[in-house]
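Participant: What follows is a single structure, and I will ask about it in a moment.
Protein chains: 2
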Amino acid sequence: MSREDPDVIDSVEKALRLLQSFSGEAPAMSVSEAAAATGLTRATARRLLLTFERLGFAETDGRRFRLTARVLRLGYGYLAALPFWEHAQSHMRALSDEVRESSSLATLDGGEIVYVARVPASRMMTITFNVGSRLPAYPTSMGRVLLAALPAADLESYLDRTELKRLTANTITDRAALEAELARVAEQGYALVDGEREEGVRSAAAPVRNAGGGVIAALNVSANAARVSVEKLRAEFVPRLLETADAITKDIAGLH
Amino acid sequence: MSREDPDVIDSVEKALRLLQSFSGEAPAMSVSEAAAATGLTRATARRLLLTFERLGFAETDGRRFRLTARVLRLGYGYLAALPFWEHAQSHMRALSDEVRESSSLATLDGGEIVYVARVPASRMMTITFNVGSRLPAYPTSMGRVLLAALPAADLESYLDRTELKRLTANTITDRAALEAELARVAEQGYALVDGEREEGVRSAAAPVRNAGGGVIAALNVSANAARVSVEKLRAEFVPRLLETADAITKDIAGLH
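Protein chains in written order, with UniProt numbering: chain A, 1 to 256; chain B, 1 to 256.
Set out below in structure tokens:
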């Protein structure tokens with residue numbers, strides 16, 4: 001296609017970077033704080049924040065800026081375009097009701113998993129991972145299901161650029177060991193992770209496929225290790241997880 | 001503050017407009033389709049789509065572009081910054097379990113309500129409204145709770161610019177009648193809507209407040225009219241709804 005305009009690319013890239021810099025830790029930022037968080041100059045950060053305010057995507061008390069609900073419009077087109085998303089939630093709720101633990105659905109974005117749906121367990125009062133939140137792929141059950149489905153060249157590229165950090169005593173940090181585990185995940189059709197990202201959190205994940213058989217998302221059940229043993233996770237939860245992932249896959253096929 | 005750069009504002013505004021044009025009806029668009037959907041020129045639409053692709057926010061098969069999960073990063077800062085959001089979901093799940101219907105939480109953006117959390121009822125297999133989706137405020141229970149809490153001048157401005165469309169036989173379309181209903185909502189502390197936005201859907205909503213008493217969100221329970229009478233909604237669901245909204249409000253106060 002035709003030449004690209006470097007100024008447009010540059011200002012759009014900076015605007016999207018600035019939008020991403022707001023977080024639970026930084027819900028409101030001054031111009032200086034926004035500049036520090038993004039690496040933009042103060043002049044650019046100010047111009048962009050004022051632009052966001054003018055367009056209704058941010059509001060300010062005169063000093064700090066915070067995002068408004070309007071920013072949800074930016075991601076909604078993606079969620080609305082997922083053919084499986086709405087149906088999946090009913091199945092996930094049924095699964096969560098049955099095992100009395102939370103269930104999530106995620107896709108891969110670069111080296112991270114992104115939550116696209118989540119049903120919390122009733123009792124859950126601790127930190128929850130919500131739609132749009134992200135985690136590294138390698139130490140999570142959903143990440144392993146998604147990595148195991150990558151073409152070999154893409155997986156190699158991921159492993160080349162990813163540092164396998166020891167997040168807990170259990171984390172697999174050896175590349176060959178991770179490759180072996182991913183091969184096992186691909187063969188058995190699910191991943192089971194016992195406290196590799198966070199001590200005391202166990203989860204199992206299974207692939208959701210499109211009509212062509214390609215893996216488009218991972219479905220998981222996550223539980224506190226104090227409540228659910230690895231044996232219970234494998235013997236009781238994994239069969240229900242696999243049934244649920246298959247039901248979502250069948251719904252997707254029915255949509256085409 | 002200092003002068004604004006019209007080119008930056010212009011390209012950022014166009015980029016955000018284009019991101020918002022993707023939807024469930026238009027999950028993937030060619031350059032021409034994107035130009036038609038946004039009113040941008042084909043050259044501008046192409047430049048922006050290629051920019052999104054380069055930044056990982058879109059992908060293309062060579063003809064059509066679709067958004068990637070990365071766009072969820074743009075709205076996540078807003079959701080993560082809501083102090084009540086994570087706690088609210090546990091209360092909503094308990095409410096939904098008890099009344100066996102779905103529960104949602106929404107805020108106001110312009111003349112629309114925006115869903116920021118939702119717990120679907122187990123049986124729900126029909127259309128669901130999910131995080132980021134939007135509805136007009138005037139014919140919905142959550143919208144009425146939020147409108148009833150607006151300063152008088154803001155409410156007047158809303159009513160001046162909003163056409164009250166007859167969406168069903170029940171919709172209040174008379175301005176004075178709507179103002180009277182909003183006054184009633186403010187006085188009784190909840191809104192009850194019987195099929196004004198969609199035939200056969202009944203809902204009740206109550207305000208969630210910040211530590212200063214300001215209304216920051218509306219919580220609802222929504223049910224199929226075939227299952228739940230207006231009497232049942234008012235006598236059984238509304239008391240539980242009010243308790244749940246109060247519990248979320250108390251949690252928020254505890255966070256400060």
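Where a beta carbon is used, it is the ideal one built from N, C-alpha and C, also for glycine.
Since this is a predicted model, take the numbers as computed values, not measurements.
Listing by chain order, which chain B residues have their CB less than 8 angstroms from the CB of residue 65 of chain A?
Facilitator: Position 65 of the first sequence holds residue 65 of chain A. Under the 8 angstroms cutoff, chain B gives no residues; its nearest Cβ is about 11 angstroms from residue 65 of chain A.
Participant: Going along the chain, which residues of the stretch 185-216 of chain A sit with their C-beta nearer than 7 angstroms to a C-beta in chain B?
Facilitator: Taking 7 angstroms as the Cβ-Cβ cut-off against chain B, none of the residues of the stretch 185-216 of chain A qualify.
Participant: What does residue 107 of chain B touch in chain A if you count any residue whose Cβ is under 7 angstroms from its own?
Facilitator: Mapped onto the second sequence, residue 107 of chain B falls at position 107. Near residue 107 of chain B (Cβ distances below 7 angstroms), the residues of chain A are 69.
Participant: Below 9 angstroms on C-beta distance, what does residue 116 of chain B contact in chain A?
Facilitator: As a first step, residue 116 of chain B is located in the second sequence; it is residue number 116 there, counting from the start. Going along chain A in sequence order, the residues near residue 116 of chain B (Cβ under 9 angstroms) are 69, 72.
Participant: Which of the three DSSP states, helix, strand or coil, is assigned to residue 33 of chain A?
Facilitator: Taking the first sequence and counting its residues from 1, one reaches residue 33 of chain A at position 33. Here residue 33 of chain A sits in helix by DSSP.
Participant: Starting from the C-beta of residue 106 of chain B, find all residues in its chain whose C-beta is less than 7 angstroms away, skip the five residues before and the five after it, and write them out in chain order.
Facilitator: As a position in the second sequence, residue 106 of chain B is number 106, starting the count at 1. Contacts found: 113, 114, 115, 116, 142, 217, 218.
Participant: Sort out for me which residues DSSP pairs residue 112 of chain B with in a bridge.
Facilitator: The residue you call residue 112 of chain B lines up with position 112 of the second sequence. In the DSSP output, where bridge partners are listed per residue, residue 112 of chain B has B:109, B:136.
Participant: Throw me the rounded Cβ distance for the residue 158 of chain B and residue 111 of chain B pair, which I believe falls under 8 angstroms.
Facilitator: Taking the second sequence and counting its residues from 1, one reaches residue 158 of chain B at position 158. Taking the second sequence and counting its residues from 1, one reaches residue 111 of chain B at position 111. That belief holds up - the Cβ atoms of residue 158 of chain B and residue 111 of chain B are roughly 6 angstroms apart, short of 8 angstroms.
Participant: Just the chain A side, please: which residues come within less than 7 angstroms of residue 80 of chain B by C-beta, in chain order?
Facilitator: Here residue 80 of chain B refers to the residue found at position 80 of the second sequence. By Cβ distance, chain A contributes 23, 24.
Participant: On the premise that residue 103 of chain A lies in contact with residue 120 of chain B, defined as a C-beta separation below 8 angstroms, what is that separation, rounded to the nearest angstrom?
Facilitator: Residue numbering aside, residue 120 of chain B sits at position 120 when the second sequence is read from its first letter. Residue numbering aside, residue 103 of chain A sits at position 103 when the first sequence is read from its first letter. No, residue 120 of chain B and residue 103 of chain A are not in contact; Cβ-Cβ is about 12 angstroms, not under 8 angstroms.
Participant: What are the boundary residues of the alpha helix (DSSP H) that includes residue 50 of chain A?
Facilitator: Locating residue 50 of chain A in the first sequence gives position 50, where the first residue counts as 1. Unbroken alpha helix (DSSP H) run through residue 50 of chain A: 42-54.
Participant: Using a Cβ distance threshold of 8 angstroms, determine whether the stretch 131-141 of chain A contacts the stretch 21-33 of chain B, with at least three qualifying pairs required.
Facilitator: No, they do not touch.
Participant: Cβ atoms of residue 17 of chain B and residue 38 of chain B: under 8 angstroms apart, would you say?
Facilitator: Walking along the second sequence from the start, residue 38 of chain B turns up at place 38. Walking along the second sequence from the start, residue 17 of chain B turns up at place 17. Going by C-beta atoms, residue 38 of chain B is nearer than 8 angstroms to residue 17 of chain B.
Participant: Based on the DSSP output, what are the partners of residue 65 of chain A in its beta bridges?
Facilitator: For the purposes of this step, residue 65 of chain A is taken as the residue at position 65 of the first sequence. In the DSSP output, where bridge partners are listed per residue, residue 65 of chain A has A:29, A:60.
Participant: Pick out whichever of A:237, A:72, A:176 has its Cα sitting closest to the Cα of residue 206 of chain A.
Facilitator: Indexing the first sequence from 1 puts residue 206 of chain A at position 206. Minimum Cα distance to residue 206 of chain A is reached at A:237.
Participant: Measure from the C-beta of residue 15 of chain A to each C-beta in chain B and report whether the shortest distance is under 8 angstroms.
Facilitator: Position 15 of the first sequence, counted from the first residue, corresponds to residue 15 of chain A. Closer than 8 angstroms: yes.
Participant: In chain B, what lies closer than 7 angstroms to residue 254 of chain A by C-beta?
Facilitator: For the purposes of this step, residue 254 of chain A is identified with residue 254 of the first sequence, where counting begins at 1. Here the premise fails: no neighbours, minimum Cβ distance about 12 angstroms.
Participant: Closer than 8 angstroms, CB to CB, is residue 110 of chain A near chain B or not?
Facilitator: Counting from 1 along the first sequence, the entry for residue 110 of chain A is found at position 110. Yes, residue 110 of chain A counts as interfacial toward chain B.
Participant: Let's test the definition: count the other Cβ atoms within 10 Å of the Cβ of residue 32 of chain B and tell me whether it reaches 16, buried, or not, exposed.
Facilitator: As a working mapping, residue 32 of chain B is identified with position 32 in the second sequence. Burial call: exposed.
Participant: Touch check for the stretch 227-235 of chain B and the stretch 73-82 of chain B: three-plus C-beta pairs under 8 angstroms?
Facilitator: Taking 8 angstroms as the limit for Cβ pairs, the verdict is that the stretch 73-82 of chain B does not touch the stretch 227-235 of chain B.
Participant: Helix, strand or coil for residue 124 of chain B per DSSP?
Facilitator: The sequence position of residue 124 of chain B within the second sequence is 124, counting from 1. Per-residue confidence for residue 124 of chain B stands at a pLDDT of 48, beneath the threshold of 50, marking its modelled position as unreliable; no derived number is given.
Participant: Rounded to whole angstroms, what's the CA-CA distance from residue 224 of chain A to residue 194 of chain A? Just pull it up for me.
Facilitator: Within the first sequence, numbered from 1, the residue matching residue 224 of chain A stands at position 224. Within the first sequence, numbered from 1, the residue matching residue 194 of chain A stands at position 194. Taking the straight line from one Cα to the other gives about 10 angstroms.
Participant: Mind checking which residues open and close the beta strand (DSSP E) that includes residue 221 of chain A?
Facilitator: Position 221 of the first sequence, counting from 1, holds the residue named residue 221 of chain A. Looking at the DSSP string, the run of the beta strand (DSSP E) that includes residue 221 of chain A is 215-224.
Participant: Kindly indicate the opening and closing residues of the alpha helix (DSSP H) around residue 161 of chain B.
Facilitator: For the purposes of this step, residue 161 of chain B is identified with residue 161 of the second sequence, where counting begins at 1. Its alpha helix (DSSP H) spans residues 152-161.
Participant: What in chain B is Cβ-close to residue 140 of chain A, meaning under 8 angstroms?
Facilitator: Here residue 140 of chain A corresponds to residue number 140 of the first sequence, with the count starting at 1. Here the premise fails: no neighbours, minimum Cβ distance about 15 angstroms.
Participant: Examine the Cβ distances between the stretch 148-155 of chain A and the stretch 181-197 of chain A and report whether three or more of them are shorter than 8 angstroms.
Facilitator: In short, these stretches touch, since the Cβ pair count reaches three.
Participant: Could you check the C-alpha separation between residue 20 of chain A and residue 81 of chain B for me, to the nearest Å?
Facilitator: Taking the first residue of the first sequence as 1, we reach residue 20 of chain A at position 20. Taking the first residue of the second sequence as 1, we reach residue 81 of chain B at position 81. Rounded to the nearest angstrom, the two C-alpha atoms are 12 angstroms apart.
Participant: Grouping DSSP H, G and I as helix and E and B as strand, with all else coil, what is residue 228 of chain B?
Facilitator: Walking along the second sequence from the start, residue 228 of chain B turns up at place 228. Residue 228 of chain B: coil per DSSP, three-state reduction.
Participant: Can you give me, in chain order, the residues of the stretch 27-44 of chain A that have a beta carbon less than 9 angstroms from any beta carbon in chain C?
Facilitator: This model lacks chain C altogether, as its protein chains are A and B.
Participant: Can you find a C-beta in chain A that's less than 8 angstroms from the C-beta of residue 227 of chain B?
Facilitator: The residue you call residue 227 of chain B lines up with position 227 of the second sequence. Not one chain A Cβ lies under 8 angstroms of residue 227 of chain B.
Participant: Could you check if residue 35 of chain B is buried or exposed, using at least 16 other CB atoms within 10 Å of its CB as the buried criterion?
Facilitator: For the purposes of this step, residue 35 of chain B is taken as the residue at position 35 of the second sequence. Classification of residue 35 of chain B: buried, given that the 10 Å Cβ count is 16 or more.
Participant: Report back the beta-carbon spacing between residue 88 of chain A and residue 248 of chain A to the nearest angstrom; my notes put them in contact at under 8 angstroms.
Facilitator: Locating residue 88 of chain A in the first sequence gives position 88, where the first residue counts as 1. Locating residue 248 of chain A in the first sequence gives position 248, where the first residue counts as 1. 5 angstroms between Cβ atoms; contact.
Participant: Is DSSP giving residue 209 of chain B helix, strand or coil here?
Facilitator: For the purposes of this step, residue 209 of chain B is taken as the residue at position 209 of the second sequence. Strand at residue 209 of chain B.
Participant: Just the Cα atoms here: how many angstroms apart are residue 78 of chain B and residue 65 of chain A?
Facilitator: To locate residue 78 of chain B, count along the second sequence from 1; it is residue 78. To locate residue 65 of chain A, count along the first sequence from 1; it is residue 65. Cα to Cα, the separation comes out at about 12 angstroms.
Participant: Shorter than 7 angstroms, the distance from the beta carbon of residue 113 of chain B to the closest heavy atom of the ligand SAH, or not?
Facilitator: Inclusion of the ligand SAH in the displayed structure is not the case, the ligand content being empty and no account of it being possible.
Participant: Based on Cα-Cα distance, which residue from B:190, B:14, B:139, B:151 lies nearest to residue 197 of chain B?
Facilitator: Numbered from its first residue, the second sequence carries residue 197 of chain B at position 197. Considering only alpha carbons, the answer is B:139.
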